[in-house]
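Chains as they are written, first to last, in the numbering used here: chain A, 1 to 261; chain B, 1001 to 1261; chain C, 2001 to 2261; chain D, 3001 to 3261; chain E, 4001 to 4069; chain F, 5001 to 5069; chain G, 6001 to 6069; chain H, 7001 to 7069.
Beneath this line is the structure, given in structure tokens, with notes to follow.
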Amino acid sequence: MAYSTEDDKLVLGGRTFKSRLLVGTGKYSTFPLMKEALSKSETEIVTVAVRRVNLDRSSESLLDYVDPERFAILPNTAGCYTEEDAVRTAYLAREAGLSDWVKLEVIGDEKTLFPDTEALLAATKRLVKDGFVVLPYTNDDPIMARKLEDAGAAAVMPLGAPIGSGMGLQNPANIRIIMESVSVPVIVDAGVGTASDASIAMELGCDAVLMNTGIAGAQDPVAMAEAMNLAVRAGRMAYMAGRIPRKLYATASSPVEGISR
Amino acid sequence: MAYSTEDDKLVLGGRTFKSRLLVGTGKYSTFPLMKEALSKSETEIVTVAVRRVNLDRSSESLLDYVDPERFAILPNTAGCYTEEDAVRTAYLAREAGLSDWVKLEVIGDEKTLFPDTEALLAATKRLVKDGFVVLPYTNDDPIMARKLEDAGAAAVMPLGAPIGSGMGLQNPANIRIIMESVSVPVIVDAGVGTASDASIAMELGCDAVLMNTGIAGAQDPVAMAEAMNLAVRAGRMAYMAGRIPRKLYATASSPVEGISR
Amino acid sequence: MAYSTEDDKLVLGGRTFKSRLLVGTGKYSTFPLMKEALSKSETEIVTVAVRRVNLDRSSESLLDYVDPERFAILPNTAGCYTEEDAVRTAYLAREAGLSDWVKLEVIGDEKTLFPDTEALLAATKRLVKDGFVVLPYTNDDPIMARKLEDAGAAAVMPLGAPIGSGMGLQNPANIRIIMESVSVPVIVDAGVGTASDASIAMELGCDAVLMNTGIAGAQDPVAMAEAMNLAVRAGRMAYMAGRIPRKLYATASSPVEGISR
Amino acid sequence: MAYSTEDDKLVLGGRTFKSRLLVGTGKYSTFPLMKEALSKSETEIVTVAVRRVNLDRSSESLLDYVDPERFAILPNTAGCYTEEDAVRTAYLAREAGLSDWVKLEVIGDEKTLFPDTEALLAATKRLVKDGFVVLPYTNDDPIMARKLEDAGAAAVMPLGAPIGSGMGLQNPANIRIIMESVSVPVIVDAGVGTASDASIAMELGCDAVLMNTGIAGAQDPVAMAEAMNLAVRAGRMAYMAGRIPRKLYATASSPVEGISR
Amino acid sequence: MNNITLIINGKSRSITAVSNVLELIQHLGIVESQIAVELNTNIIPRGDWEKTKVSNLDRVEIVQFVGGG
Amino acid sequence: MNNITLIINGKSRSITAVSNVLELIQHLGIVESQIAVELNTNIIPRGDWEKTKVSNLDRVEIVQFVGGG
Amino acid sequence: MNNITLIINGKSRSITAVSNVLELIQHLGIVESQIAVELNTNIIPRGDWEKTKVSNLDRVEIVQFVGGG
Amino acid sequence: MNNITLIINGKSRSITAVSNVLELIQHLGIVESQIAVELNTNIIPRGDWEKTKVSNLDRVEIVQFVGGG
């Protein structure tokens, strides 16, 4: 049975998406540039941060450039270092955004921005109990992934590499094991530096990829956004198509019979 | 200056192509399946082999399924183990195909299908002298690549890994060095197993990728053909877009100021 | 100042060791074979498990083959899936071994044998409070590593790859980050398949390596034990010696002047 | 049958060696430092270059620090860019050294120092005919390796990575294929940056490793020389010992029965 | 005099007395959509802004969405 | 009759009555070094074996070191 | 009798005498497009088929394009 | 006058006339072991140094072993 893109949707938190690429809105030099990059990425889910309103100068609003009709807005709790901060930020985000989706981050350390999984798990339990659709940014530990699923997370989002590092998937084996350990969607979050990194994640069978710096930090963010869109689709299709096995030796692609002598 | 696909064409042997994916026609279970795969790959150059006509049973002709109006036909000299055989096969191909392009292969060994570069270089010199557009399948040695260029090859086509092995680019460093050593197009030929392999080759700055088994051998060749099309484009765009540098440590993608406390 | 092996000791739990290789005693076909392998490995710390005495047949005792005068005996809590089990096993081990060192394992899952870091951290706190020298087998998460250090662990022992997998260090970047995150010794535990895996861990700057299957499961465990001994020392010396930087291009090792023409 | 170092010798050009590490003598800050490094490396074969005597100042002779009784002196043809130069240099070396061994280099390009295999093969044929024991520095192409063997080379010495790059084995698959393609010893020459690089080459089954910059360029060349000695022995023993297979999942090293509950 | 001092987003500000959160937001000239308001650590739902009094030395946090990953 | 039943290492066994842990160990013929004994979930230090009574239906766990990683 | 023997694509075949390459191709019922013909190691351009004689025991190679990589 | 000019290792030098290669080497004060001498592109075996004449404008190459990889 041939593979069809039409039947291959991402189901996340009860909603259905065509795109398997989630994109952050941080670090763009201008809002119009961001808007064009988001458009080229064909993402349907964009992450945003929650910050204090600047009272001293009125600045343009991010949301003037991110149409909520077109994109699902996914607030994050970036910058939160405790369960309390993260939970409070999630509540603020819900109030501001009128949606109960949250990309839950509890950061353990400023230098690595690795998650504090202990606090993350506790915060997940509290927010799930209060009706949030929780998408936790976690490490690549399969045991923790299952605990988050058991706590009611709508997906698990293991990091591929440190946020903004662009190193690409550092531990594909763990990601594979996570996929066999949980039944909720697995979304590789952070570490993607270029197109092939995103393809590799999808070829492992991941359900989606989330990135920000990989696009926003490229010399040409709009072109990279399109590249990432293509790469995620390429990786997904390759996964569904069923790749050839790896072999040390060669196999001729041209017939070995009928050679004229 | 933003990158535009329109201005980014592959120029090969004096001709211009939109697609940077070259596809082989071997090993498909049926011609219609091949035809659909070629179509989905959006390739503009397809390789074919030269073999004896079967006199005992009339079989359908490959070319009923490969429209020469749509695809440039690139005959190969697969199965040739000597300079003589390869040159003779190139002449036969030219006579049959009325074109003077040839994917030149002089195989050194049945088990690895590695090229015999000594014979390859000699054959290249002869065919170039006689007006052929020679695209030699070679190893990933930068010195040999430059000798082939000096001999008049229209491109160099280093193997990424053994033919049909699906191992992906085994030596990216050599491919990079080759690109800095020659000015003709560099086309990674052989070894691509899945989409990310193709992207990685393009991200290195290669001009194109040639594959056969990676598509024809997939469980769903049509889906893999589309995946490879996307992957080559993704890799090319990512290369042009200019990726972020790799770093061991993290960089926040959300603002570190304005956090509500 | 030249490096001297004499001044380069492993200090662990207040004791000093010449060898940086810790070896397990499981899975050997015979005790004499194990004894010879331990001897060739030149390890000074061996791990053991705690199991019920078999009352139905008297079997030889492991300790008849592991001289406590020569080796520090490090009991593990392998097979424990809860904080309670692990703590209880540690107490039984202390009673049986008259030592308060423990390799603390709280397994999260039978298939991957990954640690349950949440329970591991809790068990570490309890055992440290009760005077144990706790060496926890953990994941490669730098945040958890620091929490274990803060809880009083005498070292952190991140897995290089799943126990018995022989895949080698899957995520060198995380191991490096862990080393910069904690001040207690970092011991790579599990995943070593062959000599170079052990060297790579030591070249990253790890303080020691712990292995069992990599030696016991080899076709010739005694030879592999010696290989691992050499590999750990080689990796450590290379780390101390300060390797040359990696470069894409070549640098002549022979003089470029004075060539006779 | 247990592995014994005693029975595992390197046989090269009819001579037998205990050590499988060949070391270059270039780039040391002082001769005494070189002498100590060579001693710690326990090498039995050292490479040297042939250069014009400096008539304007009498300088110490290299050979005052390299005892020909202890080390086999292997002159190289480094710096030669043509068959002619390489052959002539080999003759000069034989006259100066009274030995007919030569590490044959024909460099193709100053930037990469890759071999010109076409000229290398021609030079090999000439020197073999004239009784030289030829050890050619070549690329990692299995076809060329077999041609060199057929031409009478006493070993083939594929580069692991560009000379002095310290990148380590870039293409282990090719090295493995070379070992299955020839019956003369395979010596990885160039590219080794640290101990594990040498171990990896030996674990693939290579017969020996040749290095210079990896030792001479280290911050502590004497310590690195000892590290390389250990690493080559570790890699060889691990290869002979027969490593465990790689698996994605875990296997317990402690018994799963008899757990006290 | 009819000024009060509020700690708004961590900074102390003296402003004309406002009787409730809604007035405060309007007084500060903040676009009301997509913001959230916290008064002395309690989040105030939009619907309660008008009936929620603001008094001297109250701590007010006003947040919005910004670019983030 | 002077037999008692003990649950030793998870298996029920009927044995000649022994008055304390030390006797039990000796009766079972176990080498006393490097084992640990738990009686009804309490670890019994070697020094207390003799003064620790064993009675019918007690749960006894006796463990030792085996090969492990 | 008017039969000749040719070595066609490596196999010996006895066929009704044909006077030239073109007749041979037609006799063998091969579609003429996209094939190449070699007679005794000389490639015969399509334009020369008719004027190129075929005689007994000639070696003929007839090739076409097939799927290849 | 009894000086001759030789091109030694690529540099022109005027030296007191020497009658053969051996004298030249000694004159130049070079340790004789482990060097090789080429005279006008012909390598001169050590044994032939004495009987090999050196004349004005000869090209002489004198090489030795140095550190190399």
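Note that CB positions come from ideal geometry on N, CA and C, so glycine has one too.
For Ala3049 of chain D, which residues in the same chain have their Cβ closer than 6 Å to its Cβ, ignoring the five residues on either side in sequence? For the purposes of this step, residue 3049 of chain D is identified with residue 49 of the fourth sequence, where counting begins at 1. Here the set comprises Asn3076 and Ala3078.
Three-state class that DSSP yields for Asp2130 of chain C in the structure shown: Residue mapping note: residue 2130 of chain C aligns to position 130 of the third sequence, counting from 1. Looking at Asp2130 of chain C - three-state DSSP - the assignment turns out to be coil, as it is neither helix nor strand.
Go through its chain and collect everything with a Cβ distance to Val2232 of chain C's Cβ below 7 Å, but skip five positions before and after it. Translated into the one-based positions of the third sequence, residue 2232 of chain C becomes position 232. Excluding positions up to five away in sequence, the list reads Arg2020, Leu2021, Ala2198, Met2202 and Val2209.
Helix, strand or coil for Lys1111 of chain B? Go by DSSP, reduced to three states. As a working mapping, residue 1111 of chain B is identified with position 111 in the second sequence. Three-state DSSP puts Lys1111 of chain B in coil, outside helix and strand.
CA nearest to the CA of Gly1014 of chain B, picked from B:Glu1226, B:Ala1155 and B:Glu1095: As a working mapping, residue 1014 of chain B is identified with position 14 in the second sequence. Checking every option, the nearest Cα to that of Gly1014 of chain B belongs to B:Ala1155.
Please list the partners that Pro3255 of chain D has in chain F, where partner means a Cβ-to-Cβ separation under 9 Å. Residue numbering aside, residue 3255 of chain D sits at position 255 when the fourth sequence is read from its first letter. Those within 9 Å of Pro3255 of chain D in chain F are Val5066, Gly5067 and Gly5068.
Proximity below 8 Å, CB of Ala1161 of chain B to CB of Ala3173 of chain D: For the purposes of this step, residue 1161 of chain B is taken as residue 161 along the second sequence, with counting starting at 1. For the purposes of this step, residue 3173 of chain D is taken as residue 173 along the fourth sequence, with counting starting at 1. Yes, the Cβ-Cβ distance between Ala1161 of chain B and Ala3173 of chain D is below 8 Å.
CB contact check: Glu3964 of chain E to chain B, cutoff 8 Å: The structure shown does not extend to residue 3964 of chain E, since chain E spans only 4001 to 4069, so no value can be given for it.
Could you pull out every residue in the same chain whose Cβ sits closer than 8 Å to the Cβ of Asp1064 of chain B, ignoring the five residues on either side in sequence? To locate residue 1064 of chain B, count along the second sequence from 1; it is residue 64. Within the same chain, Asp1064 of chain B has close Cβ partners Phe1031.
Members of the region 1165 to 1181 of chain B that neighbour chain C once the beta carbon cut-off is set at 8 Å: Residues of the region 1165 to 1181 of chain B that bring their beta carbon within less than 8 Å of a beta carbon in chain C comprise Ala1173, Arg1176 and Ile1177, in sequence order.
Using a Cβ cut-off of 8 Å, pull out every chain H residue sitting near Thr3264 of chain D, in sequence order please. Residue 3264 of chain D lies beyond the residue range present for chain D, which begins at 3001 and ends at 3261; the question has no answer from this structure.
Please report whether the beta-carbon of Lys1103 of chain B lies at a distance below 8 Å from any beta-carbon of chain A. What you label residue 1103 of chain B is simply residue 103 of the second sequence in a count that begins at 1. It does not: the Cβ of Lys1103 of chain B has no partner Cβ on chain A nearer than 8 Å.
What is the residue span of the alpha helix (DSSP H) that Phe31 of chain A lies within? Here residue 31 of chain A corresponds to residue number 31 of the first sequence, with the count starting at 1. Run containing Phe31 of chain A: Phe31 to Ser41, per the alpha helix (DSSP H) assignment.
Could you tell me whether the Cβ atoms of Ala1238 of chain B and Ser1041 of chain B are closer together than 8 Å? Taking the second sequence and counting its residues from 1, one reaches residue 1238 of chain B at position 238. Taking the second sequence and counting its residues from 1, one reaches residue 1041 of chain B at position 41. No, the pair does not count as a contact, with Cβ atoms beyond the cut-off.
Under 8 Å from the C-beta of Gln5034 of chain F: neighbouring residues of chain C: As a working note, residue 5034 of chain F is residue 34 in the sixth sequence. By Cβ distance, chain C contributes Ser2061, Leu2063, Ala2096 and Gly2097.
Select from A:Tyr28, A:Pro158, A:Thr251 and A:Leu10 the residue whose C-alpha is nearest the C-alpha of Glu44 of chain A. Sequence index remark: in the first sequence, residue 44 of chain A carries index 44 (1-based). Comparing Cα positions, the closest option is A:Leu10.
Delimiting residues of the alpha helix (DSSP H) encompassing Ala3151 of chain D: Here residue 3151 of chain D corresponds to residue number 151 of the fourth sequence, with the count starting at 1. First-last for Ala3151 of chain D: undefined, no H or E at that position.
When you compare the CB of Val1050 of chain B with every CB in chain A, is at least one pair closer than 8 Å? The count along the second sequence starts at 1 and reaches residue 1050 of chain B at position 50. Cβ-Cβ to chain A under 8 Å: yes for Val1050 of chain B.
Can you check which of these residues, D:Gly3166, D:Asp3207, D:Lys3129 and D:Val3186, is closest to Pro3136 of chain D by C-alpha distance? Counted from its first residue, the fourth sequence places residue 3136 of chain D at position 136. The residue with the shortest Cα to Cα distance from Pro3136 of chain D is D:Val3186.
Put Tyr3081 of chain D into one of helix, strand or coil per three-state DSSP. Working through the fourth sequence from its first residue, we reach residue 3081 of chain D at position 81. Note: Tyr3081 of chain D maps to coil in three-state DSSP.
Using a cut-off of 8 Å between C-beta atoms, extract the partners of Leu2248 of chain C located in chain B. Along the third sequence, read from residue 1 onward, the residue named residue 2248 of chain C stands at position 248. Result: Ala1173, Arg1176 and Ile1177.
Report the residue from C:Gly2152, C:Leu2012 and C:Thr2025 whose alpha carbon sits nearest the alpha carbon of Ala3252 of chain D. Sequence index remark: in the fourth sequence, residue 3252 of chain D carries index 252 (1-based). Checking every option, the nearest Cα to that of Ala3252 of chain D belongs to C:Thr2025.
Between which two residues does the alpha helix (DSSP H) harbouring Pro3075 of chain D extend? Counted from its first residue, the fourth sequence places residue 3075 of chain D at position 75. It is not in any alpha helix (DSSP H) - Pro3075 of chain D instead sits in the beta strand (DSSP E) that spans Ala3072 to Pro3075.
Per the contact definition of three or more C-beta pairs closer than 8 Å, is the region 5027 to 5042 of chain F in contact with the region 6011 to 6028 of chain G? no
Run down chain D in chain order and give the residues with a C-beta less than 9 Å from the C-beta of Ile7030 of chain H. Taking the eighth sequence and counting its residues from 1, the one referred to as residue 7030 of chain H is at position 30. Within chain D, the residues near Ile7030 of chain H are Val3053, Leu3055 and Ser3058.
Asn7056 of chain H to Ile3178 of chain D span [Cα, whole Å]: Counting from one through the eighth sequence, the residue named residue 7056 of chain H turns up at place 56. Counting from one through the fourth sequence, the residue named residue 3178 of chain D turns up at place 178. Distance between the alpha carbons of Asn7056 of chain H and Ile3178 of chain D is about 53 Å.
Within-8 Å CB hit, Glu203 of chain A to chain B: The residue you call residue 203 of chain A lines up with position 203 of the first sequence. With 8 Å as the cut-off, Glu203 of chain A counts as an interface residue toward chain B.
Do the region 2119 to 2137 of chain C and the region 143 to 151 of chain A meet, that is, are 3 or more Cβ pairs less than 8 Å apart? no
Taking just the CA atoms, how far does Gly2242 of chain C sit from Cys2080 of chain C? For this step, residue 2080 of chain C is matched to residue 80 along the third sequence. For this step, residue 2242 of chain C is matched to residue 242 along the third sequence. Approximately 41 Å, taken between the alpha carbons.
Kindly list, in the order they appear in chain C, the residues whose Cβ is closer than 7 Å to that of Phe114 of chain A. In the first sequence, counting from the first residue as 1, residue 114 of chain A sits at position 114. Result: Asp2141, Pro2142 and Ile2143.
Of the listed residues C:Arg2052, C:Asp2220, C:Leu2127 and C:Arg2146, nearest to Asp2100 of chain C (C-alpha basis): Position 100 of the third sequence holds residue 2100 of chain C. It is C:Leu2127 whose Cα lies nearest to the Cα of Asp2100 of chain C.
By the 10 Å Cβ neighbour count, where 16 or more other Cβ atoms means buried, how is Pro3245 of chain D classified, buried or exposed? Your numbering for residue 3245 of chain D matches position 245 in the fourth sequence. Counting Cβ neighbours within 10 Å, Pro3245 of chain D comes out exposed, since fewer than 16 surround it.
Might you give, ordered along the chain, the residues of its own chain that have their beta carbon closer than 6 Å to the beta carbon of Glu7050 of chain H, omitting 5 neighbours on each side? Reading the eighth sequence from its first residue, position 50 is the one you call residue 7050 of chain H. Cβ within range, chain order: Asn7020 and Leu7022.
Please classify Asp1140 of chain B as buried or exposed, where buried requires at least 16 other C-beta atoms within 10 Å of its C-beta. Working through the second sequence from its first residue, we reach residue 1140 of chain B at position 140. So Asp1140 of chain B ends up on the buried side.
If the criterion is Cβ atoms closer than 8 Å, does the pair Lys111 of chain A and Ala1250 of chain B meet it? Here residue 111 of chain A refers to the residue found at position 111 of the first sequence. Here residue 1250 of chain B refers to the residue found at position 250 of the second sequence. Closer than 8 Å, so yes.
C-alpha gap between Ile4007 of chain E and Asp4058 of chain E, whole angstroms: Against the fifth sequence, residue 4007 of chain E aligns to sequence position 7. Against the fifth sequence, residue 4058 of chain E aligns to sequence position 58. Taking the straight line joining both Cα atoms gives about 6 Å.
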